[in-house]
Amino acid sequence: MPKSKTTQVSPVDPEMLEFEAALLRSVDQALKGELAASHTPQAIRARGAGRPVGSVKPDRKVPTTIRLSPEVSSAFRATGHGWQTRIDAALKDWLRTHSPSTEAGH
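Position 76, counted from 1, in the sequence shown is what our numbering calls 104; the numbers after and before it change by one each time, with no gaps.
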């Protein structure tokens, strides 16, 4: 007689069951339009291109090109994501204590 394989049933993780139930509830709510918007191709086309009105900060930053010494560039880049924001903060700090018009040597 051949040996029969005994299958072990792994215990059900209650957290996984809860997660699956919540996921199914959220999908159902999204499809009904209760808590999340359902994005149909027609709705996407009707919305149009670009950012939504009012989503642009009034004091947004200005793109520019700047040349930095290798030491400054590598030191700020080594600090990780947000290094350009930290350079901006350092320059703002410098502006608090200096007058650019009198500091320029030209």
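Where a beta carbon is used, it is the ideal one built from N, C-alpha and C, also for glycine.
Residue j and residue i - do their beta-carbons sit closer together than 8 Å?
i, j, result
"I115", "F104", "yes"
If you follow the alpha helix (DSSP H) that residue i is part of, which residue opens it and which one closes it?
i, result
"T125", "111-125"
"K60", "42-60"
"S101", "98-105"
"P86", "Per DSSP, P86 belongs to no alpha helix (DSSP H) and is neither H nor E."
"P69", "69-75"
Looking only at its chain, what residues have a beta carbon closer than 8 Å to the beta carbon of residue i, apart from the 5 residues adjacent to it on each side?
i, result
"K120", "none"
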